[in-house]
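Written out below as structure tokens is the structure these notes cover.
Residue numbers (the working numbering), protein chains in the order written: chain A, 818 to 1236; chain B, 818 to 1236; chain C, 818 to 1236; chain D, 818 to 1236.
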């Protein structure tokens, strides 16, 4: 979505992304794929259809001569939020759509795949169409993570606490103690370099002045979070932002979203079902309010997104990312964690346009820009983020009260005297 | 549920009722059977499970030696409102339960059917157990009608307006004009005679003083309702009860629940999908507020439940009731209607205990009595009421704003000078 | 408002009622008179203005030649619910009207009093105007009770718990134990005889069939209510109507509206401020749900309104009614209570039209009839009901969850075998 | 609240600020001063008491030997949001407190004034106490503006649309056309210099990198806003942030908060009552969502707070500020406006801590820091901001949907090629 020239995806690249979506839906029954457990959540089958609608709407209808839409009504049902494309089904009502069913949505996907593959196999595909397909694949990867976040929430609301699929057993490990990575501050450059795919919100690359700071070399763990709770973390208003404290009083929460205390022991609902809490794993499903309170309790703070990027850009983007047998953040083999692929890390930065930001032209311009208010940026990617979908400049964003993303935190602190 | 001795149902009676539930679910996909479109609505598969839970809980667990519950968790999931049986899944969250799925619920039904059949085939079944089974069957019949009401609402919320199943085409007919059936008033007896099955709320039979009145010989039709609308019926506060007018302002409704005006023509969403409005059919899915306003506009009133019963008891309970090919109220072959089996008819009577009413003992006593506040009585049965499930003394009840039942109205008026 | 000829009130009658309103407002500051503590409550100054508007609108404007309305804008501000008179200020926003202030409303009252007195002093006042003035005075008396109910609620929401005015000290007494008054049942007549003023909803007088029953000779006391609470009354769902139990879970209430437990002792907020709970006084400010649960716990029931009237009509309407030094229900001098003037007593009867009921013609017809849904009838009058404003046929009404009226209860039970 | 040494206020300074509060309340009746029109609004008398409580709580109780609090209950009633000081009356219920009345609050103010004056007249007042008094005066000045914002909202909800006080007539003028003030960008310093009083959130002073930009030399006017409306500004989703569009759909707004269209002409509710809309005045009472949409429609953007400060710091802080005869933003004598004292100007900057921010110690530390989420910064001061209360570094803040502050906007745009 930026100005650079991108490589047109190969047919196999296309198929690989599309296949992963189907693999993610595979453990889910027709019933599982239909239900919406809160307005923010979308049904699995809606994700499968919407990612397909994206290709049909932005690529096939305008650019593939003679293309016949699978069903004209789907434009209304599966448009997410593109006002420029007309009226659409209200978001909180996505769970009311029992028909089309999962089988018909499978047929929809196949119909569109045939047409896109046909385009990709053409010898002289215009570069801007290649770019649209690439955007569509990154869009679908975002929905792969959303699909996992959303079905986790759906299943969590079932008193039987069913798992999404069996996960590999992970023995608790001792996490390395935190080391602090120092940064001298000064004038740094952040934002995307135009050297590969990026969303429009990652640019333009620009200068930011930083003051000396240090960043923890790993996220906060469940064990550290328990210490916060034991020290009255959820009962002490002086640790909380005013809005956060109000949200806490309204919800009555005393722990992260998926934690439960049964007979004195804490368990965590994971995509593998309920598990005993592992103190060595990164804490996940905390809101910005919770993360900020924890940081204040720790006599530290959250980093800004520029600080995060200035440090993380020097580390390899290998991460653990999405792995169907894992699907939870975990301590790495050497008791360590990287910067990418365990939990999304809240930053103190509000989600705002970079200097000189311009949304893409046309309906696709609604992709990011119109959400730039009332949210905070998260960085780094999670255990539900598909491989190849994360980079140091990637800006994820959620409202400060959101907990259902795979969101955790990493501490920062000022270096030097005054700050 | 009353004191009389009832015939123990035959195995074939049992199977017939149970089979009808499955036949009603048959046109519905797993997706259709899972969704809850408002707190008052329950998913199809929940109805299938709950009616089964009723037999398991009240009959098999206490009375069949060695019976193993199909799944101990189902007691929590499928209890509707029996406080005496402990905590249960919240009603507004029934649509969040994707698992057990429809297949597992089918297995649950089979498991319970085997056990009940076993009991029924025993030579010396205690009469009180026969009575419990009879109650269970009438309970399941109630849920058959609820299943149809509820799935109609679910499908109506889908912008594609899919039908539940194809219905037989019914050509519009000219309804007979209304004739008034006079009643001289005086001391009458109403309530159940103890001459067959009845719910506890239908008794005891008791005396009521009536003043002379007349009752229309058929329900109000769609055509008559259109005349009400054309005369400003939904815009004239003087026609409405205060609560009804407030509800109307809040909803902005200008027609019955399932009516839509497309390009100047009215359509009605039926279980067969959207159909052109047939002026000859009984109007259906109106609230008590709407029915009361219509009656005031007609310079008439709704009957009391005693008035209704005093007249209807003299007519045959043949009705049209539930017929899978029809599933909508219709004018009869001779342009007429009976008292039973087209639409439930609102009465001005609040749903209150009859003099001397006593709920059944035990948890079953929560069946009816605890709902005796804030509701109005409807009489007569509808096109979704199973055959054999209606009698002149039957008291259905809904809150005055409810529209999703198959509810219509029949007019009454006072006879004589003063009243 | 019924057909009978009524005596035109004397100027002194008029002035007496109007003066009482001002006497009720006298202990209240401008601030007190302005605030609305919930949508059901109206500010004191609104009551003062509305009762005045009633005379201006229904009497002076149509019938006094040359009358100039005090302020044309008041028609919008002080119309309560008469749709026939056009748009009006929304009820929940009555507390937003800081201007006109209390002084201007005093001037409004004087302006209207001058004009009404002028009419009353005319030698040949048409009887129908005399009847309108009589209606206006009874209307104002209703608002005198509402004023006290409402200001009690306003003051109760102040953490300082200020009293409305100092009340005479009442030493606790021992209430007489309950005696049961038997009634043989049969065909009785209830409703107003047309032998004096009555609201339209009290007629027509009509026959009702009663079964033998007994009625307690006094209301339930605070002490008896404490026994109910001590026996788990607020924790046992089997005692409650389903809607009542839901309301209880939502509110978390464990006692009547104005009770508070401080350091283990119960206090009651009265118009004299907070007082230690007196077990001998009638319990007051309970909802229909609470009254019904108490009756079930007592193995009794509430009476119907016909039962209540059939008995109470034989007792003197002397009662204790509104007395500025008392303003709370109390045990009488001989440890007894009457049927009138301590607490309004909930009945099981829904508030519905009597057979042959016809509202008065014109806008005044909105007075009662349009509220005949979703409410229950209370009988008897309270310590806040002005003298001369109660009779055996008087029907007060509130929704089943309402608590801010001076509402209590009296038990009934069936006599004889079957019922 | 910052580290610098501040001058202790003179007794006359103290009295001048305190007197202005009373002067602001003077046109208001006891009724006006009591009502709360929405949860964000506080009653006038609450502001008068709360500003007094601030001195009593933070200064007199801990530091004046022998000081007797006026009323111990006031600590509960008039604490705004200081969690460290214990429980307090809920904010949405401030309008329920009819007692203490305005007279008693006047006595409270006098009681505290005597004690503070006594302290100020002492020869050896500790500098930290002088600083506390200074903070208390700036705090009271903030509440002076809030008092005006709040009473404007209260009076606006009265259908009679009464004015707060008569304002001087202001003839419409022709505003100068916009000139753009260029800024070359680069590394600039923003934040408070520690050279006089400032709130803690204004520091520390720090470096920020800016790109070249231009800032309009005056705010947007009513006339320009009308052009936006005429061009469909409130009907075109492509102009709005997603949250802003959703808020617009929910409210149905088609114009700024206090605008009304009567018979085709626009009026504006001001503190002087309803006035014809003057196209030359700065637009006021628009939300961040509205301001952002207007800027997008103008092919411009809002400035960041650093951009705003980098330019405005070079202009005189004379402004028009609070003037009891004006109380509305107006075009200056030469058809111009300054940067200070007409309308608060929305910036794109989220309200977040500056690098190195540390809240003051103790309960006073809750003053600013805990609100640093979910809000946007506004700069410049308004027609309701008291003289001497504004400086270039002042950071006001409100949620993006708020409209009841005197909030307007000034446009910015990037200079140079890339941005």
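All C-beta atoms in this analysis are idealised placements derived from N, C-alpha and C, irrespective of residue type, glycine included.
Buried/exposed call for residue i, threshold 16 Cβ in 10 Å
i: residue 939 (chain A); result: exposed
i: residue 1200 (chain C); result: buried
i: residue 820 (chain D); result: Summary for residue 820 (chain D): the model assigns pLDDT 43, below 50, so the residue's position carries little reliability, and this model does not support an answer.
i: residue 855 (chain A); result: exposed
i: residue 824 (chain D); result: exposed
i: residue 1187 (chain A); result: buried
i: residue 927 (chain D); result: exposed
i: residue 1079 (chain A); result: exposed
i: residue 1126 (chain B); result: buried
i: residue 831 (chain D); result: buried
i: residue 1220 (chain D); result: buried
i: residue 828 (chain C); result: exposed
Within chain B, partners of residue i - CB distance below 8 Å
i: residue 854 (chain A); result: 913
Beta-carbon proximity of residue i to residue j, cut-off 9 Å
i: residue 1045 (chain B); j: residue 1120 (chain B); result: no
i: residue 1190 (chain A); j: residue 1217 (chain D); result: yes
i: residue 1171 (chain C); j: residue 1018 (chain C); result: yes
i: residue 1131 (chain D); j: residue 1157 (chain D); result: no
i: residue 864 (chain A); j: residue 958 (chain A); result: no
i: residue 1089 (chain D); j: residue 1179 (chain D); result: no
i: residue 919 (chain B); j: residue 852 (chain A); result: no
Neighbouring residues, chain C, relative to residue i (Cβ below 7 Å)
i: residue 1039 (chain D); result: The contacting residues do not exist; residue 1039 (chain D) stays about 27 Å from chain C at best.
Within chain D, partners of residue i - CB distance below 8 Å
i: residue 900 (chain A); result: 1054, 1055, 1062
Identified DSSP bridge partners for residue i
i: residue 998 (chain A); result: A:1032
i: residue 1196 (chain A); result: A:1162
i: residue 1087 (chain A); result: A:1090
i: residue 1079 (chain C); result: C:1082
i: residue 1004 (chain A); result: A:1026
i: residue 1213 (chain A); result: A:1195
Interface residues of chain D facing residue i [CB-CB closer than 9 Å]
i: residue 1141 (chain C); result: What residue 1141 (chain C) touches in chain D: nothing, since even the nearest Cβ is about 20 Å away.
i: residue 916 (chain C); result: 846, 848, 849, 972, 975, 977, 979
Where residue i meets chain A, residues with beta-carbon distance less than 7 Å
i: residue 906 (chain B); result: 976
Partner residues on chain C for residue i, Cβ-Cβ distance less than 8 Å
i: residue 919 (chain D); result: 848
i: residue 999 (chain D); result: Within chain C, no residue comes near residue 999 (chain D); the closest Cβ sits about 48 Å away, beyond 8 Å.
i: residue 1165 (chain B); result: 1169, 1170
Within chain A, the residues that residue i reaches when beta carbons sit closer than 8 Å
i: residue 890 (chain B); result: 976, 977
Check: residue i C-beta below 8 Å from any heavy atom of the ligand SAM
i: residue 1020 (chain B); result: The ligand SAM is not part of this structure, which contains no ligands at all.
Under 7 Å by beta carbon: chain D residues contacting residue i
i: residue 862 (chain A); result: The premise fails here: residue 862 (chain A) is roughly 24 Å from chain D at the closest Cβ pair, so nothing lies under 7 Å.
**OP:** Write down every uninterrupted run of the beta strand (DSSP E) in the region 1093–1180 of chain B whose length is 3 residues or greater and which is fully enclosed by it, in chain order.
**Re:** 1161–1167
**OP:** Could I get the ranges of all uninterrupted alpha helix (DSSP H) runs contained in the region 821–889 of chain A, with 4 residues as the minimum, in chain order?
**Re:** 828–842, 861–872
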